[in-house]
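S.K.:
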Ligand SMILES: Nc1ncnc2c1ncn2[C@@H]1O[C@H](COP(=O)(O)OP(=O)(O)O)[C@@H](O)[C@H]1O
Ligand SMILES: Nc1ncnc2c1ncn2[C@@H]1O[C@H](COP(=O)(O)OP(=O)(O)O)[C@@H](O)[C@H]1O
Ligand SMILES: [Mg+2]
Ligand SMILES: [Mg+2]
Ligand SMILES: [Mg+2]
Ligand SMILES: [Mg+2]
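Residue numbers (my numbering), protein chains in the order written: chain A, 215 to 415; chain B, 215 to 415; chain C, 21 to 350; chain D, 21 to 350.
#1: What does a CB cutoff of less than 6 Å around residue 328 of chain D pick up in its chain, not counting 5 residues either side in sequence?
#2: Would you say residue 248 of chain C reaches chain B, if we count a Cβ-Cβ gap shorter than 7 Å as a contact?
#3: Mind reading off the beta-carbon distance from residue 366 of chain B to residue 352 of chain B? Whole number of angstroms is fine, and I expect it under 8 Å.
#4: Looking at residue 350 of chain C: is its Cβ nearer than 7 Å to the Cβ of residue 339 of chain C?
#5: Could you spell out where the beta strand (DSSP E) holding residue 148 of chain D opens and where it closes?
#6: Is it true that the CB of residue 55 of chain C sits closer than 7 Å to the CB of residue 68 of chain C?
#7: Can you tell me which of the three DSSP states residue 334 of chain D falls into?
#8: For residue 74 of chain D, would you say it is in contact with chain C, using Cβ-to-Cβ distances shorter than 7 Å as the test?
#9: Considering only C-alpha positions, which residue in the set C:319, C:296, C:170, C:183 is nearest to residue 308 of chain C?
#10: Helix, strand or coil for residue 257 of chain A? Go by DSSP, reduced to three states.
#11: Residues of the region 384 to 410 of chain B with a CB closer than 8 Å to any CB of chain C: list them in chain order, please.
#12: How about residue 275 of chain A and residue 314 of chain A: are their beta carbons less than 7 Å apart?
#13: Quick one: is the Cβ of residue 295 of chain B within less than 6 Å of any heavy atom of ligand 2?
#14: For residue 219 of chain A, which residues in the same chain have their Cβ closer than 6 Å to its Cβ, ignoring the five residues on either side in sequence?
#15: If you run the structure through DSSP and keep just helix, strand and coil, what is residue 132 of chain D?
#16: What is the DSSP secondary structure of residue 178 of chain D, counted as helix, strand or coil?
#17: In terms of DSSP beta bridges, what is residue 91 of chain C paired with?
#18: Is the CB of residue 252 of chain D under 7 Å away from at least one CB in chain C?
#19: Taking Cβ-Cβ distances shorter than 7 Å, what residues in chain C pair up with residue 322 of chain D?
#20: Compute the Euclidean distance between the alpha carbons of residue 210 of chain C and residue 104 of chain D, then round it to the nearest angstrom.
#21: When you check each C-beta in the region 318 to 347 of chain A against every C-beta of chain D, which residues fall closer than 8 Å?
#22: Using a Cβ-Cβ cutoff of 8 Å, what residues of the region 76 to 101 of chain C are near chain F? List them in chain order.
#23: Give a single yes or no on whether residue 250 of chain B has its beta carbon closer than 6 Å to a heavy atom of ligand 5.
#24: Can you tell me whether residue 114 of chain C sits near ligand 7, meaning its C-beta is under 6 Å from at least one heavy atom of the ligand?
#25: Just the C-alpha distance for residue 236 of chain A and residue 288 of chain C, rounded to the nearest angstrom, thanks.
#26: With distances taken from CA atoms, which of D:279, D:212, D:263 is nearest residue 246 of chain D?
#27: Rounded to whole angstroms, what's the CA-CA distance from residue 249 of chain A to residue 132 of chain C? Just pull it up for me.
#28: Using a Cβ-Cβ cutoff of less than 7 Å, which residues in the same chain neighbour residue 81 of chain D once the five nearest sequence positions on both sides are dropped?
#29: By how many angstroms is the C-alpha of residue 255 of chain A removed from the C-alpha of residue 331 of chain A?
#30: Taking Cβ-Cβ distances shorter than 8 Å, what residues in chain B pair up with residue 344 of chain C?
#31: Counting only Cβ pairs nearer than 9 Å, list the residues of chain D close to residue 306 of chain A.
#32: Would the beta-carbon of residue 393 of chain A be found less than 6 Å away from any heavy atom of ligand 2?
#33: Relative to the C-alpha of residue 120 of chain C, which residue among C:50, C:126, C:255, C:107 is closest?
#34: Could you please give the first and the last residue of the uninterrupted alpha helix (DSSP H) stretch that includes residue 206 of chain D?
#35: Of all the beta strand (DSSP E) runs that stay within the bounds of the region 217 to 286 of chain A, which reach a length of 3 or more residues?
#36: Ligand 4 and residue 253 of chain B: does any heavy atom of the ligand fall closer than 6 Å to the residue's C-beta?
Laid out in structure tokens, this is it:
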């Protein structure tokens, strides 16, 4: 099992920022169908701020990278996704503590703790058609990063058939069925970047 | 030379009301290109009110028919066309006095006086791209009603090439060229109805 | 085109009935189409009457109330009202001190108000008239109907209204009104055309990527069609056109006006650019008003109006006003 | 889509700079995105802070001033602001008497305001919170995020603002706010979708001849799509939905609200129909407000909000207010 340093987490989130920059319009388009057409620009703004913060003063420990990134998301994204993704990374960062290198089991455990915190904050469960429908299977597939990527993607895909019970899409009732949840799609992007970062090591 | 009674003038203006009702959209379309898209609905409203007034208490003399019609236009049309067409008919009505029957020479003279009054009120001259470009040649061709109809139609047609110097279309400057003046088009309708009324006698 | 209406024919009557129900402080005669402040006529006070085509709300009906108009006459959409309305309004607000007609300079408005003035004077009401003709997009020459009245109308109605409320006599109220009219300059821009209920489709076509400079408030196209511009460039064009016409030698009132469908969010951003340009051109802005005041149905776009003021006019601007559309100080 | 902007990224900053230039009575921090009344903090007075996504102007920044909000935090378009803004606003208006957060019930707003409340309390500021959730189009159940906050926000901010201005302590201001929130019910209708700067095209497609019933204020589609209706039928549907949810047992405040692009002329006509339906259903309307107050950029459409009031709430409604968007009594 590999060990990961701060550089790995910085590369992950910087790569993710690139994906969000490229995919912002698609995410906004998804949010336009069942939300308020801002998820892409929200996440692009937040992740570009994360990449800039990591570049400016690169933290030396994995936990610190995640904490800074989480705080940056909270301070720049707004909407539902800001506090939720912010909580995911902050909670995971806290779990990793000050260690300069962490093994993949610790990464898996930390991200699982982050997802638990999101679920608690959001009051959402599996099947509510939210980002959790991608996040939960992804962390369950860890520490296999490639499997986590696939699980997140399938989880996002599966939200198409669901009726939303949380977030804005819930206002639409039955009309929310037939569209992918934007937050689940963005979670898939996040785990795609994670898998790419791991494969590059 | 024929004599005309109140019935003739009522038939004229009632027929004209029918034309304005049918052609309102076309007049509004013309006004939309170089004005404010209301000439058709203005004239339809006014002429239907004229027809209703003439139907309700049919005046017994030609002059009274024109006076009542002119007053009705002033009270119901608004815009530039209300006072102008109102003045045309009121002035012509005054010229005809109380006579129960009037000859075509008197009709021609009265309408010419009406057009003079319009020109004075409006401060417009031939070539300004207004209703006067149809009205003036029409009254000059009277008492030949068919010739007047043709003159009005040609006068209206000729406004297409003119640059407006009066009314709303003047705001457009050069951009007013290439469109028929809506008021000239409505004047042509008025003389068309007059010619039809005369032909029916 | 979709509208929140019961039918094109009913638009004005329905709106006036709604105004009557919403504003107990006004007497709204929906049948005869006259809006009057409930406490009119006020003994000794000059009556201010305005009116014009509908579709420019809150102008004019929304400016009826203490400190501004005593009565307004709404015409059909974009169509001057008829003399009967104006005569009725004059009679309703006349207390013996005379009546001022505030007339936007359009052929139709001028002709109808002139007819009304004649009739009202026959009824023994002294009538004075002020023409508002502030739109610098129109060349004032023998070749046009003269400048249009647009945003400057708000300033004329507010300042003359304040003078009348203070008890100034007719000649003085008219003098203030003319002074304000002469000191006002406007320029308007459209990003899209309005749709009138009668026509049911936009009054002109404005393709994506283009805008109209120098538009009026009746859906007529403007002076010039141009490739789309930024808010900053539009502010420069509008302020530039106004200052080219006449550069104020003192402080100004500034109206950053929305045409109806432009979000307030955009209008404030545009207003910031206008104020920046004015600052660069060394024009002192004494007071600023940002909002939809002199509109053109659902037109997307904006206009800028400057009105140079002295101390007296500034005091009249700050004086209390209590109307549905403009209110402060009480 | 054409907009009066300098670029999608600059919309909020530009609007705030424009607000700062137009409103010397406000302190507008465009960089940190906080709008504060200039005389804050006011010794002994509870501070009222609200905020939400931009695009709803004049809500919330336009409601900052004596008698209403002490501060507002504008987020990105249709996006809840971030906790940093709210903490900064709370600090700016806190005089020691505590701060009330007025939060529209959306997941994002709730989460961000909750985080901010935690941080502010860590800084020693006592914070209370009121949730506005007045939109009856949303079934409040386990299967939704709960009712949205829409037009009722204006009533909560005005009435709680008046209570705070009178010097009521935090618990009392919060109690008034919750009472108003619980007494408010709204229903909205769209004839067209808004266009956000970021997306650049309408957030949903609404073909000619159709409308959306039960829409929110963020460009989300509504509860149901229907064939186009008359103003009278829409009024019946909106009032019906509200009264089916809860029939007031006393007089109400009525807000007839435009979504941004619907002309005031149409809105007044619609308001007349709403008042007619309420009269038929024997609901007594104590006060009526007609205009664009809680908007959704350039959305065409309207909403109706009722708020049942007792004598105290009616007095708080009539109390003076002096903000860019709502002003009377001073
Ligand atoms: N209660 C919730 N629990 C989990 N995820 C949620 C919840 N509410 C919203 N989300 C997620 O947030 C996404 C929307 O994010 P975004 O568009 O940025 O915020 P907003 O809805 O405030 O506009 C949704 O697609 C969904 O995945
Ligand atoms: N000064 C004028 N002299 C003569 N005719 C005029 C003048 N101004 C306008 N008109 C006529 O009035 C017509 C427009 O009428 P209408 O659309 O009903 O009024 P408005 O221009 O007030 O909307 C023009 O097409 C023109 O023929
Ligand atoms: Mg969203
Ligand atoms: Mg016209
Ligand atoms: Mg007209
Ligand atoms: Mg959002």
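We put the CB at the ideal spot given by N, CA and C, even for glycine.
M.R.: In short:
#1: In the fourth chain, the residue the question calls residue 328 of chain D occupies position 308. Closer than 6 Å at Cβ, skipping near neighbours: 203, 268, 270, 272.
#2: Residue mapping note: residue 248 of chain C aligns to position 228 of the third chain, counting from 1. Chain B contact via Cβ: absent.
#3: Position 152 of the second chain holds residue 366 of chain B. Position 138 of the second chain holds residue 352 of chain B. Separation of the CB atoms of residue 366 of chain B and residue 352 of chain B is rounded to 4 Å, and the pair is thereby assigned contact status at 8 Å.
#4: If you number the third chain from 1, residue 350 of chain C lands on position 330. If you number the third chain from 1, residue 339 of chain C lands on position 319. Not closer than 7 Å, so no.
#5: One-based indexing of the fourth chain puts residue 148 of chain D at position 128. For residue 148 of chain D, the enclosing beta strand (DSSP E) starts and ends at 147 to 152.
#6: By one-based count along the third chain, residue 68 of chain C stands at place 48. By one-based count along the third chain, residue 55 of chain C stands at place 35. Contact check for residue 68 of chain C against residue 55 of chain C fails: the beta carbons are separated by 7 Å or more.
#7: Against the fourth chain, residue 334 of chain D aligns to sequence position 314. DSSP, read as helix, strand or coil, puts residue 334 of chain D in helix.
#8: Counting from 1 along the fourth chain, the entry for residue 74 of chain D is found at position 54. So yes, residue 74 of chain D belongs to the interface.
#9: Within the third chain, residue 308 of chain C is the residue found at index 288, counting from 1. The shortest Cα separation from residue 308 of chain C among C:319, C:296, C:170, C:183 belongs to C:296.
#10: Residue 257 of chain A sits at position 43 when you count from the first residue of the first chain. Residue 257 of chain A falls in the helix class under three-state DSSP.
#11: From the region 384 to 410 of chain B, only 384, 385, 386, 387, 389 have a Cβ closer than 8 Å to chain C.
#12: As a working note, residue 275 of chain A is residue 61 in the first chain. As a working note, residue 314 of chain A is residue 100 in the first chain. Against a cut-off of 7 Å, the Cβ pair of residue 314 of chain A and residue 275 of chain A comes out as a contact.
#13: Position 81 of the second chain, counting from 1, holds the residue named residue 295 of chain B. At a cut-off of 6 Å, the beta-carbon of residue 295 of chain B counts as near ligand 2: some heavy atom of the ligand is closer than that.
#14: Your numbering for residue 219 of chain A matches position 5 in the first chain. If the five residues before and after residue 219 of chain A are omitted, its C-beta is found closer than 6 Å to the C-beta atoms of 315, all from its own chain and listed in chain order.
#15: The residue you call residue 132 of chain D lines up with position 112 of the fourth chain. DSSP places residue 132 of chain D in helix when its eight states are reduced to three.
#16: Looking up residue 178 of chain D in the fourth chain gives position 158. Per DSSP, reduced to three states, the secondary structure at residue 178 of chain D is helical.
#17: Taking the first residue of the third chain as position 1, residue 91 of chain C is located at position 71. C:56, C:69.
#18: What you label residue 252 of chain D is simply residue 232 of the fourth chain in a count that begins at 1. Under the Cβ distance rule, residue 252 of chain D counts among the residues neighbouring chain C, one pair being separated by less than 7 Å.
#19: Numbered from its first residue, the fourth chain carries residue 322 of chain D at position 302. Correct list: 24.
#20: One-based indexing of the third chain puts residue 210 of chain C at position 190. One-based indexing of the fourth chain puts residue 104 of chain D at position 84. Whole-angstrom Cα-Cα distance: 38 Å.
#21: Here the close residues are 335, 336.
#22: Among the protein chains in the structure shown, which are A, B, C and D, there is no chain F.
#23: Here residue 250 of chain B refers to the residue found at position 36 of the second chain. Under cutoff, so the answer is yes.
#24: Looking at this structure, you won't find ligand 7 anywhere; what it does contain is ligand 1, ligand 2, ligand 3, ligand 4, ligand 5 and ligand 6.
#25: Within the first chain, numbered from 1, the residue matching residue 236 of chain A stands at position 22. Within the third chain, numbered from 1, the residue matching residue 288 of chain C stands at position 268. Across the structure, residue 236 of chain A and residue 288 of chain C are spaced so that their CA atoms are roughly 31 Å apart.
#26: One-based indexing of the fourth chain puts residue 246 of chain D at position 226. If we check each option's Cα against that of residue 246 of chain D, D:212 comes out closest.
#27: Position 35 of the first chain, counting from 1, holds the residue named residue 249 of chain A. Position 112 of the third chain, counting from 1, holds the residue named residue 132 of chain C. The straight-line gap from Cα to Cα measures roughly 52 Å.
#28: Here residue 81 of chain D corresponds to residue number 61 of the fourth chain, with the count starting at 1. Close CB contacts of residue 81 of chain D within its chain, under the 7 Å cut and outside five residues either way in sequence, are with 39, 55, 92, 94 (chain order).
#29: Along the first chain, one-based indexing puts residue 331 of chain A at 117. Along the first chain, one-based indexing puts residue 255 of chain A at 41. C-alpha separation (whole angstroms): 24 Å.
#30: The residue labelled residue 344 of chain C in the question sits at position 324 within the third chain. Per Cβ cutoff of 8 Å: no residues; residue 344 of chain C is ~23 Å from chain B at best.
#31: The sequence position of residue 306 of chain A within the first chain is 92, counting from 1. Going along chain D, no residue has its Cβ under 9 Å from residue 306 of chain A, so there is no contact; the nearest lies around 17 Å.
#32: Within the first chain, residue 393 of chain A is the residue found at index 179, counting from 1. Checking every heavy atom of ligand 2 against the Cβ of residue 393 of chain A, none is found closer than 6 Å.
#33: Here residue 120 of chain C corresponds to residue number 100 of the third chain, with the count starting at 1. Nearest neighbour of residue 120 of chain C by Cα position, chosen from C:50, C:126, C:255, C:107, turns out to be C:107.
#34: Position 186 of the fourth chain, counting from 1, holds the residue named residue 206 of chain D. Residue 206 of chain D -> not in any alpha helix (DSSP H); beta strand (DSSP E) instead, spanning 204 to 210.
#35: You should have 217 to 219.
#36: In the second chain, residue 253 of chain B corresponds to position 39, counting from 1. At least one heavy atom of ligand 4 lies closer than 6 Å to the C-beta of residue 253 of chain B.
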